[in-house]
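So the sequence shown is residues 18 to 876, counted in this note's numbering.
Below you'll find the structure, written out as structure tokens, and then a few comments.
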Amino acid sequence: MQQKTREIPRPEGRVFLSLLVLAIALCLAPATAFAGPALEVEQRYVQPDGTTFQAGQRGDEYFHYVRTTDGFLVQKSPSDQTWYYVKDAGSDFAFGPRADGAAPENALTPSVLANDAGKRAYAALGGGTYTGASHETGDVVTLSDIEAVQGSSDANANNLLSAAQTKTSLPLITIVIGFESPEGPEATIEYTDSKGNKAQWPAAEQRYRDDYDWHDQLYGSDNSITNYYATMSNGKFAWAPAAEETSEYGKDGNTNVHDKAGDGIIHVTLDRNHGNWKAADFKSPEAADQRSMYVDALNEASKYIDFAAYDANHDGKLEKTEAGLLFVVAGYEASAGYNVPATWAVSWDLSSMDKDNFEPETITNPQTGSEVTLDSYITMGETFKISDLDSEGHEVVVYPAQRTPVSTVAHELGHYLGLPDLYDVRYSANSGGTVDEYPWIDYDVYATSLMASGSWGRYDENGVTVFTPVGLDPYCLAALEYIEPVDVTSDGTYDVSAHQSSEGYRCLRIPASSEGEYYLVENRQYEGFDKGLTGYYRQAGHKGNPNYYNETGGIVVWHIDQGVVSERDLLAQNTDIRNTVNTVDHRPGVMPVYLEGTPYHDGLPMKYRPFYNAAVCTEFGFADDVLPLLLYDGCETPAGRVDSGISLTVGDAAGDTMSVTVDLPEEYEPSYEERTLAADLAGAHVEVSGAFSANAEAVIALSALADGQIAKLATASDQLGELITGANVSVVDATTGEDVPYTGALSVSFSVDASHEGETVWMVHQKTDGSLETTKAVVQNGRAGMTVDELSPFAVFEQKAEIVDDGSSGAQPSAGNDGSNVKELPKSGDGQRIAVIAGLALAAAVALTASRVRIRRSR
């Protein structure tokens with residue numbers, strides 16, 4: 018919903034054109050997987066003859082590699098299953114000596130993997146392939162998208178209210194998959210993949226764990242996925258268990274002692290072996306086999322849950338605005354260590370796995386006969402374990418076998434909702450590359466976001482490491498509509514509060530003079546989920562070292578370059594650069610503002626010191642506690658940045674609420690001019706009048722109301738009759754697609770059919786906070802209008818024939834009701850309502866295709 022005084026570039030506004038999206042989707046190739054980064058710890062690797070060596074896994078689902086503690090690349094030979102150093106062989110890579118010995122002089126470092134050619138050569142050496150990330154996953158699923166669906170039809174008939182008591186929730190259908198070996202429970206599984214890689218494991222390792230309480234882990238604990246998303250959204254949204262299921266301990270051989278009917282956890286056992294899929298190559302035989310396994314699990318789970326019951330709009334497809342689907346696969350999580358059998362946590366589509374089957378899967382419920390098509394899902398291995406070697410070469414358990422942390426699910430759900438990765442997915446920064454090769458190599462989000470290394474947030478509790486997701490960055494929070502940053506349009510002192518503060522999370526958006534650039538200012542403290550930051554920024558071994566140690570949290574300033582994000586996000590047209598928002602071969606799109614030019618870290622950005630407060634300003638000698646803010650202004654190297662002219666003062670001690678003072682250059686002060694804008698939709702002529710930014714090419718963007726929106730608007734009064742017309746109304750800049758700033762009140766009017774001339778009608782408007790305001794207006798000259806202070810959505814209703822005139826027809830807004838007295842809308846068989854809605858939808862698809870799609874790509 019559009020509000021006033023917006024003067025800066027922002028994450029792109031999105032209009033949902035279901036007809037257009039369907040047409041485009043039919044032309045697109047299947048989407049590839051999106052996953053989380055590996056846990057970067059050193060661990061023990063074992064050669065076939067029992068010899069061990071230390072190394073660490075790096076990368077993600079797209080591409081991952083192993084390097085020794087000395088920083089040299091190693092690869093496993095598919096012919097003899099031995100790990101070798103990787104050496105240069107002219108135009109290709111070759112195996113060197115064994116990895117448990119000394120590295121040869123020509124041993125390669127991961128710097129050779131910075132480009133796709135190096136990745137392909139490394140993968141080929143191990144018998145695999147590298148295809149990279151390719152096809153888009155769709156728009157970000159915003160809070161408005163979810164509300165529009167969950168507020169319609171019978172979406173809330175399935176106990177979807179989350180334990181966190183949020184305004185809106187989505188069910189997360191959770192299926193835990195175990196495997197019963199056909200060779201018997203005591204068998205040792207021998208496995209060889211299509212590349213010749215061999216592995217073996219006891220059959221017990223592929224059965225799901227009997228003592229893991231997944232309901233508590235995902236939905237009930239303080240660190241649960243429910244509590245995480247409720248906290249990130251300031252209580253607006255959470256994932257909830259899909260409670261309409263009957264899986265329980267003792268039923269059909271279910272051996273998990275914590276499983277109860279209605280707890281949202283479904284346990285199934287498949288009569289087959291685990292496939293040790295790990296990170297299956299795109300369209301490989303392993304990926305096809307993994308897809309087959311998931312389909313088997315869905316069919317088995319359908320004995321305990323009717324998937325079609327969660328199809329809120331009854332279109333035969335389970336979509337991301339209706340439910341999430343999580344597979345927890347017995348065995349180990351591949352991103353957290355070299356164990357077998359394993360599965361790498363990922364967000365993927367069933368229609369993208371099998372090169373011979375690019376279709377989603379339709380599941381039929383054996384009891385009801387209902388059918389629904391499923392496609393998008395997330396998955397992870399059930400168990401997490403890390404072992405290492407001590408100084409004498411003996412095995413040491415670093416992290417004992419335990420449930421895979423909920424942080425893994427949180428990150429994958431971020432991808433499921435459309436968020437990009439904010440780490441360097443090409444891993445140039447971890448590869449031994451240099452500043453000469455990559456001038457931006459020292460700029461790294463590191464652990465300050467869930468969509469980067471924060472997916473492995475951790476802290477120490479009585480000597481035990483606890484894993485937890487750290488907070489999302491403010492750019493992603495705003496993209497999901499979980500927050501509405503406070504726009505800074507004038508000089509002043511502003512409060513910035515952390516998630517755990519009594520005021521709730523509050524951040525600032527500061528404009529910049531360079532097109533598409535702005536700053537987000539937030540407050541991060543070591544509490545709640547951000548306690549997981551201490552494992553990165555306040556390690557005891559770093560205390561006293563100014564390069565790494567942060568005693569407290571503080572203000573984090575983010576620099577956003579919307580042009581880079583739009584060019585390289587999950588919707589990028591060029592597949593070679595899709596999901597490369599922060600790769601180091603270009604200036605960053607979303608990046609914290611770091612200390613630079615200090616006596617530490619050779620004057621380079623101090624990516625391990627992201628927090629600002631009074632103590633930090635004193636420690637580093639900032640004059641008057643003023644932070645330097647630089648703009649990219651299209652530059653190719655950090656040296657090309659320019660002074661923003663913005664003065665940001667951080668003088669407060671670290672705390673849940675901190676004040677910052679902003680002094681903007683004079684040219685940032687916005688100017689406004691009175692305008693009347695007009696647009697047409699489905700025969701309705703809409704006009705908006707008010708004082709809009711003088712620097713914007715303002716136009717009205719209209720889209721049809723969803724059924725859920727109409728139902729919500731219809732609750733404003735029991736005096737409302739038939740729907741006459743309505744639309745989502747916003748005012749955008751025709752050149753950027755962003756909302757146009759305005760000041761003061763706005764006048765919004767709709768044309769009304771001549772048959773209503775002289776009659777009293779009701780205009781209803783839903784505000785950002787969800788409340789409704791109404792106006793009773795007399796139709797004059799074929800128009801009805803109302804005065805508001807924010808936009809979208811609006812509806813015009815007839816007035817019921819028999820009412821008592823209460824004298825409120827002076828066209829003044831009223832507060833509406835609380836929604837408890839809901840008037841039933843006409844049924845879908847009502848010809849008049851069908852004509853209105855069908856006309857709105859068709860006109861939205863036609864009118865907005867030409868305007869908003871063009872606007873998106875013009876950025």
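By construction, the Cβ of each residue, glycine as well, lies at the ideal position given by its N, Cα and C atoms.
All values reported here derive from a predicted model rather than from experimental measurement.
request  = Along the beta strand (DSSP E) that carries M675, what are the first and last residues, could you check?
outcome  = Looking at the DSSP string, the run of the beta strand (DSSP E) that includes M675 is T674 to D680.
key: Proximity below 7 angstroms, CB of F89 to CB of Y101   = Taking a C-beta distance under 7 angstroms as the contact criterion, F89 and Y101 do not qualify as a contact pair.
Three-state secondary structure assigned by DSSP to T785 = Coil.
ask   = Taking C-alpha atoms, which residue in M803, K212 and T272 lies nearest to R226?
value = Closest option to R226, Cα to Cα, is T272.
task = Helix, strand or coil for K184, going by three-state DSSP, please let me know.
result = Correct three-state label for K184: coil.
ask   = How many whole angstroms separate the CB atoms of L467 and P486, which I take to be in contact at a CB cut-off of 8 angstroms?
value = About 5 angstroms separates the beta carbons of L467 and P486, which is inside the 8 angstroms limit, making them a contact pair.
inquiry  = Quick check on the DSSP output: what are the complete beta strand (DSSP E) runs of length 3 or more inside the segment 202 to 270, in order along the chain?
reply    = Taken in chain order, the unbroken stretches of beta strand (DSSP E) that lie wholly in the segment 202 to 270 and span 3 residues or more are 205 to 209, 215 to 219 and 254 to 258.
request  = May I ask which residues mark the beginning and end of the alpha helix (DSSP H) holding R137?
outcome  = In the DSSP annotation of this structure, the continuous segment of the alpha helix (DSSP H) that includes R137 starts and ends at D133 to L142.
message = Between the alpha carbons of P687 and T678, how many angstroms are there, rounded?
response = In this structure, the straight-line span from the alpha carbon of P687 to that of T678 is close to 19 angstroms.
ask   = K253: which of H275, A325 and Y499 sits nearest, CA to CA?
value = With distances taken between Cα atoms, K253 lies closest to Y499.
ask   = Using a C-beta cutoff of 7 angstroms, does L740 count as contacting chain C?
value = Annotation note: the requested chain C is absent from the structure, which comprises a single protein chain.
Start and end residues, beta strand (DSSP E) containing H702 = For H702, the enclosing beta strand (DSSP E) stretches over residues A701 to S710.
request  = Would you tell me roughly how many angstroms separate the C-alpha atoms of I854 and T804, rounded to the nearest one?
outcome  = At I854 the pLDDT is 38, less than 50, meaning the model places this residue with poor confidence and gives no usable figure here.
request  = Give the single residue among Y492, S368, G672 and N330 whose Cα lies nearest to the Cα of S393.
outcome  = Measuring from the Cα of S393, the nearest candidate turns out to be S368.
ask   = If you draw a straight line from the C-alpha of S408 to the C-alpha of Y625, how long is it?
value = Using only the alpha carbons, I get a separation of about 28 angstroms.
ask   = Hey, how far is the Cα of S250 from the Cα of P810?
value = About 22 angstroms.
Assigned secondary structure, V574 (DSSP; H/G/I helix, E/B strand, else coil) = Note: V574 maps to strand in three-state DSSP.
inquiry  = Only counting the same chain, and skipping five residues up and downstream in sequence, which positions put a Cβ closer than 6 angstroms to that of K372?
reply    = These residues qualify, in order along the chain: K300.
query = Excluding sequence positions up to five away, which residues of its chain have a Cβ less than 6 angstroms from the Cβ of T379?
reply = Counting only residues of its own chain and dropping the five nearest sequence neighbours on each side, T379 has a CB closer than 6 angstroms to the CB of E388 and T390.
ask   = With 16 other CB atoms within 10 Å as the buried threshold, where does K21 fall?
value = The predicted position of K21 is uncertain, since its pLDDT is 39 and thus under 50; a value taken from the coordinates is nonetheless stated next. The residue is buried, with at least 16 neighbouring Cβ atoms inside 10 Å.
task = Would you tell me roughly how many angstroms separate the C-alpha atoms of A557 and K104, rounded to the nearest one?
result = Taking the straight line from one Cα to the other gives about 37 angstroms.
inquiry  = Assuming V193 and E399 are in contact, meaning their beta carbons sit under 8 angstroms apart, how far apart are those beta carbons, in whole angstroms?
reply    = So it is a contact: roughly 7 angstroms between Cβ atoms.
ask   = Given a threshold of 16 other Cβ atoms within 10 Å of its Cβ, counted over all protein chains shown, does G333 qualify as buried or as exposed?
value = The residue in question, G333, is exposed, as its Cβ has fewer than 16 Cβ neighbours within 10 Å.
task = Determine the direct distance from the alpha carbon of E207 to that of T69, and round the result to whole angstroms.
result = Their backbone Cα atoms lie some 21 angstroms apart in a straight line.
message = Tell me the DSSP secondary structure of K817 in three-state form.
response = In the three-state scheme derived from DSSP, where H, G and I count as helix and E and B as strand, K817 is classed as coil.
key: Nearest-angstrom Cα separation, counted from E350 out to V781   = Looking at the two C-alpha atoms, the distance is approximately 51 angstroms.
query = What's the call for T551, buried or exposed, on a 16-neighbour Cβ count within 10 Å?
reply = T551 is buried by the Cβ-count criterion.
task = Counting only the same chain and skipping the five closest in sequence on each side, list residues whose C-beta sits under 6 angstroms from that of G580.
result = So the qualifying residues of the chain are G533.
One or two residues paired with T191 in a DSSP bridge = Residue pairing by DSSP places T191 opposite I282 and L343 in a beta bridge.
query = Can you tell me whether P627 is buried or exposed, with buried defined as 16 or more other CB within 10 angstroms of its CB?
reply = P627 is buried by the Cβ-count criterion.
query = Using DSSP with H/G/I as helix, E/B as strand and the rest coil, what is A828?
reply = No answer about A828 holds up, because its pLDDT of 42 lies below 50 and its placement is not dependable.
ask   = What is the rounded straight-line gap between the Cα of N599 and the Cα of T693?
value = Roughly 41 angstroms separates the two Cα atoms.
ask   = CA-CA distance, S676 and G606?
value = As the crow flies, the alpha-carbon of S676 is around 26 angstroms from that of G606.
request  = Take T12 as the anchor and find which of G348, V769 and E336 has the nearest alpha-carbon.
outcome  = Because the chain spans 18 through 876 in this model, residue 12 falls outside it and cannot be assessed.
ask   = In this structure, does DSSP put D323 in helix, strand or coil?
value = Of the three classes helix, strand and coil, the one that applies to D323 here is coil, per DSSP.
ask   = Among residues of its own chain, excluding the 5 on either side of A325, which ones have a beta-carbon nearer than 6 angstroms to its beta-carbon?
value = Excluding positions up to five away in sequence, the list reads S387 and V389.
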